[in-house]
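K.L.:
One structure, as structure tokens, below. Some questions next.
Residue numbers (my numbering): 715 to 788.
This is how it looks when you write it as structure tokens:
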């Protein structure tokens, strides 16, 4: 039997990644604490990657309001 030395995750990671061009990330239910506004990527492990390369922990985020393009709503 032959085992690969490459992780399988790298092959399927793109399937679990969601990119948003316009989103607002909130740290609380009341929407008083904004962590980020603008484009972002939600990774398959729940972390949020910002354009600067910084990562936001899923524990720090209450919710994300993402603007959905009209082409995806139909």
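Even glycine gets a Cβ: it sits at the ideal position worked out from N, Cα and C.
Let me make sure I understand the geometry here. Which of 772, 744 and 736 has the alpha-carbon closest to that of residue 753?
P.N.:
Position 39 of the chain shown holds residue 753. The residue with the shortest Cα to Cα distance from residue 753 is 736.
K.L.:
From this set, 776, 765, 770 and 747, which residue's C-alpha is nearest residue 759's C-alpha?
P.N.:
In the chain shown, counting from the first residue as 1, residue 759 sits at position 45. Among 776, 765, 770 and 747, the Cα nearest to that of residue 759 is on 770.
K.L.:
So what does DSSP say about residue 765, is it helix, strand or coil?
P.N.:
Against the chain shown, residue 765 aligns to sequence position 51. It is coil, neither helix nor strand.
K.L.:
Give the DSSP bridge partners of residue 776, in chain order.
P.N.:
Numbered from its first residue, the chain shown carries residue 776 at position 62. Residue 776 is not bridged to any residue.
K.L.:
Regarding residue 734 and the ligand GDP, is the C-beta to nearest heavy atom distance less than 7 Å?
P.N.:
Annotation note on the ligand GDP: not contained in the displayed structure, which lists no ligands.
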